[in-house]
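Here the protein sequences come in this chain order: A and B.
Each residue of the first sequence is one higher than the one before, starting from 0 at the first, in numbering that gives the first Met the number 0.
Each residue of the second sequence is one higher than the one before, starting from 0 at the first, in numbering that gives the first Met the number 0.
Beta carbons: idealized from backbone N, C-alpha and C, even for Gly.
All figures in this text were calculated on a predicted structure; none of them were measured in a lab.
There are 2 protein chains.
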Amino acid sequence: MSDLQGPVVPTPDALSALRPLPADAVQLSATGLLGGWQARNAEATLPHCIDQLGVHGNLTNLRRVTGDADAEFAGMWFADTDVHKALEAAFWSGTASGFVDEVAALLEKAQDPDGYLDSFYQDPAHRDRQWTELHYSHEMYTAGHLIQAGVAAARSAPDDPSAQQVLSVARRFADLLVQRYGQSNEVDGHPEVETALAELYRVTGHRPYLELAARFVGNRGHGTLDDSRFGPRYFQDHEPLRESTEVTGHVVRMQYLLAGAVDVAVETGDRELLDVAERLWDSALESRTYITGGQGSRHRDEAFGDPYELPPDRAYAETCAAIGSFQLAWRLLLATGKVKYADEMERVLHNGIAGSTALSGKEFFYSNPLQLRTGHDGSHEDAPSQRLSWYSCACCPPNLARLMASLHAYLATGDADGLQLHLYSAGVVASGGHAVQMETNYPWDEQVTVTVSETSGSPWALSLRVPAWCNDVRLSINGASARAHVEAGYLRLHRVWHPGDRIVLTLAMPTRLVSAHPRVDATRGAVALVRGPLVYCLEQADVPAGVVLEDLSLDPHSPLAVAFHRAGPFPVTLQVPVRTSAVPDTGLYGAWPPPATTGPSAVVTAIPYFLWANRAAGPMRVWIPLSPSPR
Amino acid sequence: MSDLQGPVVPTPDALSALRPLPADAVQLSATGLLGGWQARNAEATLPHCIDQLGVHGNLTNLRRVTGDADAEFAGMWFADTDVHKALEAAFWSGTASGFVDEVAALLEKAQDPDGYLDSFYQDPAHRDRQWTELHYSHEMYTAGHLIQAGVAAARSAPDDPSAQQVLSVARRFADLLVQRYGQSNEVDGHPEVETALAELYRVTGHRPYLELAARFVGNRGHGTLDDSRFGPRYFQDHEPLRESTEVTGHVVRMQYLLAGAVDVAVETGDRELLDVAERLWDSALESRTYITGGQGSRHRDEAFGDPYELPPDRAYAETCAAIGSFQLAWRLLLATGKVKYADEMERVLHNGIAGSTALSGKEFFYSNPLQLRTGHDGSHEDAPSQRLSWYSCACCPPNLARLMASLHAYLATGDADGLQLHLYSAGVVASGGHAVQMETNYPWDEQVTVTVSETSGSPWALSLRVPAWCNDVRLSINGASARAHVEAGYLRLHRVWHPGDRIVLTLAMPTRLVSAHPRVDATRGAVALVRGPLVYCLEQADVPAGVVLEDLSLDPHSPLAVAFHRAGPFPVTLQVPVRTSAVPDTGLYGAWPPPATTGPSAVVTAIPYFLWANRAAGPMRVWIPLSPSPR
């Protein structure tokens, strides 16, 4: 077994139901959907991010500190984090070594003797503000991303000098934090350093990092942060996390805080804190999560919003929030082994996260709405009509790069019992003397074929997740159909395996009409179309000319067909029976019941949500109104 | 006829279908709803505002300029405007003379020799920024409110020395604007000065003020304003107003700009510009106005939002936007005589505006949502659970004060033909040798009794508006029923009138179930209850204990009763047949059709929307889901 590791590696003594596999245990095939994304990331997204860091001055900001540039400081005050995230992505990816070497040297040179490293607050004009405005400064958030780059360096390239350099820089900053905040009640306005410090402890075994992470988790919620204009809930400073029962405030901050809390909980054996994280996760899933897995209903403060407040058109659903949700679910899956976390990883990955990135891999959404209206003003960054190549706050693209570069690490786990496959895509999983090959065109196809390629002579269990959306699972082993006994969400196949043993898992994917809880006012009288893990949507490009997308309604009693395409950007589309409505002339408000306005029927194509906005900019909707019942 | 005048008095040569009456032509009775509001304003709201100006440092800011205070500058950089608006309110109200005298002297003393007056930019620390950041500074917006105070001074108390002092101060600032910007292409980020300058022209006859107003209307839309983070549409700088076909951006800015455009159009005889204003007003009413008359669907940038984007829960619907809508509609009514503008004045006044103020007259909403959810985080100013006594940006309360103080001026108009009554409330209307008394408990009662108390011997027309919501209007004159011939929205009764002639107008008010245009996704499958001009709502206080408001649905086929109350805060309530729903255990998303969950029936009370949040803070909703049809 290799020493290489991926993100989130609990120590052997941690609370942990499942163990992550070594970083090179899973090899995704670029012919599969996930492997395709990972390959695109290495070929397009990460190089694009590195390019943009040059264009937008992020690297120059650091060169100002070293005296090698004299331009104005450029971008957001936490612009360094985009560098750190791209660096982390480069380590996981094992590519872009020129960038890695350059940045490693630059960071080392820019770091202050005491370990401080933040090009905004090292600016002579801002230096006196260091550590004085934690509610706003993102200094520890920046440190956190630097530390995560250091962790990635250590786990992915332990023998590489540049990696060692980055780890050293990260440790020096972490040591400064320990020295400065080890006895403090203060906390940063933007969580992130908690999980980073816990991970650094895992890499180094240096316990003060873990203790500081635990301290920061506990420090939050005591009102020590200067009030923001959004109130203390914005950064979860309104009540101690342990007393919280519901997610609230800025979504990414909440997700990152919970990730740190889980890391601390499992490493310190703090089951109570782990319970808190599970409870809050449940609260998010019960009333504050879009059908895409996106979270965050409000643009104003990038916040969760009230329970059941889930407007499709004004979904904020930040890409980073979806990434945070995925990373949190992975931590909870490792800690508890509960399938619901893997189910959510699948949903948010295939919809909320995947939808953020253009087919080119070089354009991105920051917010991920579930509806774009006719007449939408998509002229600025907040809610653009199409993906943009970069943002003034460019947190999402390099965050995508680091996730996609490490995506293989989230596919499977191991335990004393054997291997667990949580996500399906073509590739190889090999660990602990066992190896299997996955052949599948999932989620376009229903079948996943798993072939044992390496095995010990002893019995072991191959566990295959059966998604919660699947009501009809079939199994065959070596050509003979077998009983598919699903226990706690997994098919656990325990036996002595032989090389060449072939398991075919069929997860039936009828198109489902889904409705939301009746308290979700924003989608009342509408359904979403879902096939397998994929949410579908209607896009203006597929609607007959002259028809306004908003005037289509779905006839739920007409048959709906699935179309498979060998070529083109949309491998599987749905053929949706709709009716068009004449626009009533009663104005904006009129007497109920409204006049019947249902017009001719038609069939329009629905495409996977994650592939929207890859043609001409235009209206889109996930939730489709139901045609009025005939009177 | 008196010389006293109210807001918006076009010159005799202006394009004007109707003429405002002198300011003292209408006397509202405090026993009527509108007169009660006006009395409450004089007794509670205006004194409260004056008090808060002291508490929050607005007056001290000006005393810093005169050297009479040395506190830190307090509040928003445009804090002076709250002083100016309260001063304007005091003039219209004819009360608070101590405040008037004090502020008049203070403003005169604080004014720079060249006429400049803005306590933020007169601060030595900011003085070098004067006129350098027009996209942000609100300097002309501040000047505009000062000028409007001067206009109110001149019209309401022409012989009062303090009033003369305020008019002089306002003119000096206006003269500075003419001198500085008379040949400029620049424009302020926040419209307001346009209408103020046009009104000052009307008061003074000094044409350069009108010319500058016209210039500013034309200057906007050429991209001269530094981009805000919300893009140029935010301040309507993306295209010239004359080329615009739809309202967009920050609602208050749009409303104030249109008010200025109408003033300029009617004074310069610019029918094309008037058409533009009408077209944009139509676009707002067609797809971007709440059923309360509120406008603004987005908290982030206080903006209109996309067409048909009208979420009840996240309605921004700023109080100032509703006031702006009312003031714009009045201008368009005067210019065109079209009843739709008076209809909208009635709607927004009785719902969107009235709902902003607590029964006490001392607490206010800034945003006016149409739904407040169970679990709402109402802990901060943006979307509080209850009205607050003041806001860090306190534009709304003094804006309410100035509107309510001048409310009588918006009731009726005159023309060569006679009198037109647009709004109904108990009071007297006397102008041009004609006088009528209105006796009514409208909108609680359906009947308005108009008695002629003074008349010439010649025939003249008394015109009574018949609201668009009314399908059943009855008329009697001196006890005999008469044919109610409604023409273009008015009953025009033309004859020789005699003192004591008694007209009884009955506007039938059956409770109406109203649904929104099918493109309004946010209220699909729900209805609003409307009686007369009043929108109703359900409030948690009226729901049986243990029942969650969100779980109620309305059975549209069960009878709905109206209850009249002699005492208590709610003169007329509705008794609404509802069903309770058990919460499905299918989670947030489940297969369509959802399981039937309709529970027992009940009858709950609905109260007028404008009276919500006068009891314990709790959930509220205007749009009530319809019970599922029995299968």
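Rounded separation between residue i and residue j - CA only
{"i": "Thr288 (chain B)", "j": "Pro123 (chain A)", "result": "50 angstroms"}
{"i": "Tyr489 (chain A)", "j": "Leu512 (chain B)", "result": "51 angstroms"}
{"i": "Ile146 (chain A)", "j": "Glu87 (chain A)", "result": "9 angstroms"}
{"i": "Met622 (chain A)", "j": "Val575 (chain B)", "result": "At residue 622 (chain A) the sequence reads Trp, which differs from the Met that was named. Spanning the two alpha carbons is a distance of roughly 30 angstroms."}
{"i": "Leu32 (chain A)", "j": "Asn440 (chain A)", "result": "7 angstroms"}
{"i": "Met0 (chain A)", "j": "Asp23 (chain A)", "result": "Here Met0 (chain A) scores only 46 on pLDDT, less than 50, and its place in the model should not be relied on; the value that follows carries that caveat. Rounded to whole angstroms, Met0 (chain A) to Asp23 (chain A) spans 9 angstroms at the Cα level."}
{"i": "Ala540 (chain A)", "j": "Gly617 (chain A)", "result": "7 angstroms"}
{"i": "Val8 (chain B)", "j": "Ala173 (chain B)", "result": "19 angstroms"}
{"i": "Glu453 (chain B)", "j": "Ser430 (chain B)", "result": "9 angstroms"}
{"i": "Gly354 (chain A)", "j": "Thr194 (chain A)", "result": "26 angstroms"}
{"i": "Pro311 (chain A)", "j": "Ser286 (chain A)", "result": "14 angstroms"}
{"i": "Asp117 (chain A)", "j": "Gln254 (chain A)", "result": "23 angstroms"}
{"i": "Met344 (chain A)", "j": "Leu327 (chain A)", "result": "9 angstroms"}
Extent of the continuous alpha helix (DSSP H) to which residue i belongs
{"i": "Tyr120 (chain A)", "result": "Ser118 to Gln121"}
{"i": "Pro207 (chain A)", "result": "Arg206 to Asn218"}
{"i": "Gln178 (chain B)", "result": "Pro160 to Tyr180"}
{"i": "Ile476 (chain A)", "result": "Looking at the DSSP string, Ile476 (chain A) is not in any alpha helix (DSSP H); the run it does join, the beta strand (DSSP E), is Val472 to Ile476."}
Nearest-angstrom Cβ-Cβ length linking residue i and residue j, presumed shorter than 8 angstroms
{"i": "Thr244 (chain B)", "j": "Ser282 (chain B)", "result": "7 angstroms"}
{"i": "Leu20 (chain B)", "j": "Ala411 (chain B)", "result": "6 angstroms"}
{"i": "Leu45 (chain A)", "j": "Thr94 (chain A)", "result": "7 angstroms"}
{"i": "Gly74 (chain A)", "j": "His47 (chain A)", "result": "About 17 angstroms; that fails the 8 angstroms criterion."}
{"i": "Asp500 (chain A)", "j": "Ile476 (chain A)", "result": "7 angstroms"}
{"i": "Val435 (chain B)", "j": "Val447 (chain B)", "result": "Rounded, the Cβ-Cβ distance is 11 angstroms, inconsistent with contact."}
{"i": "Leu240 (chain A)", "j": "Gly220 (chain A)", "result": "6 angstroms"}
{"i": "Gly259 (chain A)", "j": "Val216 (chain A)", "result": "6 angstroms"}
{"i": "Phe363 (chain B)", "j": "Leu387 (chain B)", "result": "7 angstroms"}
{"i": "Asp2 (chain A)", "j": "Pro157 (chain A)", "result": "7 angstroms"}
{"i": "Ala148 (chain A)", "j": "His83 (chain A)", "result": "5 angstroms"}
{"i": "His433 (chain B)", "j": "Ser462 (chain B)", "result": "That belief does not hold up - the Cβ atoms of His433 (chain B) and Ser462 (chain B) are roughly 12 angstroms apart, past 8 angstroms."}
Limits of the unbroken beta strand (DSSP E) element including residue i
{"i": "His433 (chain B)", "result": "His433 to Thr439"}
{"i": "Gln446 (chain B)", "result": "Gln446 to Glu453"}
{"i": "Glu538 (chain A)", "result": "Leu533 to Glu538"}
{"i": "Thr94 (chain A)", "result": "First-last for Thr94 (chain A): undefined, no H or E at that position."}
{"i": "Phe632 (chain B)", "result": "There is simply no residue 632 (chain B) to check, as chain B begins at 0 and stops at 630 in what is shown."}
{"i": "Gln129 (chain B)", "result": "Where Gln129 (chain B) is concerned, there is no enclosing beta strand (DSSP E), given that its DSSP letter is neither H nor E."}
{"i": "Tyr588 (chain A)", "result": "Tyr588 to Ala590"}
{"i": "Thr44 (chain B)", "result": "Looking at the DSSP string, Thr44 (chain B) is not in any beta strand (DSSP E), and its letter there is neither H nor E."}
To be precise: take each residue of the region 264–294 of chain A, compare its Cβ to all Cβ atoms of chain B, and keep it if any distance is under 8 angstroms. Which residues remain? Leu284, Glu285, Ser286, Thr288 and Ile290
Sufficient close CB pairs (3 or more, under 8 angstroms) joining the region 371–386 of chain B to the region 399–407 of chain B: no
Three or more C-beta pairs closer than 8 angstroms, one from the region 512–530 of chain A and one from the region 486–504 of chain A: is that the case here? no
Compile a chain-ordered list of the residues in the region 507–526 of chain A whose CB is closer than 9 angstroms to at least one CB of chain B. Arg511, Leu512, Val513, Ser514, Ala515, His516, Pro517, Arg518, Val519, Asp520, Ala521, Thr522, Arg523, Gly524, Ala525 and Val526
For the region 311–344 of chain B, which residues have a CB atom closer than 8 angstroms to at least one CB atom of chain A, in sequence order? Pro311, Asp312 and Arg313
Of the residues that make up the region 577–605 of chain A, which ones have a beta carbon closer than 9 angstroms to any beta carbon in chain B? Ser580, Val582, Pro583, Thr585, Gly586, Leu587, Tyr588, Gly589, Ala590, Trp591, Pro592, Pro593 and Thr596
Should the region 555–562 of chain A be regarded as contacting the region 583–599 of chain A, the criterion being three or more beta carbon pairs within less than 8 angstroms? no
Could you please tell me which residues of the region 351–366 of chain B, in chain order, have their CB closer than 8 angstroms to any CB of chain A? none
Positions along the region 26–37 of chain A whose CB lies within less than 8 angstroms of some CB in chain B: none
Taking beta-carbon pairs under 7 angstroms, can you tell me which members of the region 389–414 of chain A lie near chain B? none
Under 8 angstroms, CB to CB, which of the residues in the region 370–381 of chain B have a partner in chain A? Gln370, Arg372, Thr373, Gly374, His375, Asp376, Ser378, His379 and Asp381
Does the region 542–550 of chain A come close enough to the region 597–610 of chain B that 3 or more CB-CB pairs lie under 8 angstroms? no
Assess contact between the region 125–144 of chain A and the region 200–212 of chain A, defined as three or more Cβ pairs (one per stretch) separated by less than 8 angstroms. Is contact present? no
Between the region 230–255 of chain A and chain B, which residues of the former have CB atoms less than 7 angstroms from a CB of the latter, in chain order? Gly230, Arg232 and Thr247
Against chain A, which members of the region 463–483 of chain B pass a CB distance test of less than 8 angstroms? none
Return the residues of the region 552–574 of chain A that lie within a Cβ-Cβ distance of less than 9 angstroms from chain B, sorted by chain order. Ser552 and Pro555
Between the region 290–309 of chain A and the region 271–279 of chain A, do at least 3 Cβ pairs fall closer than 8 angstroms? no
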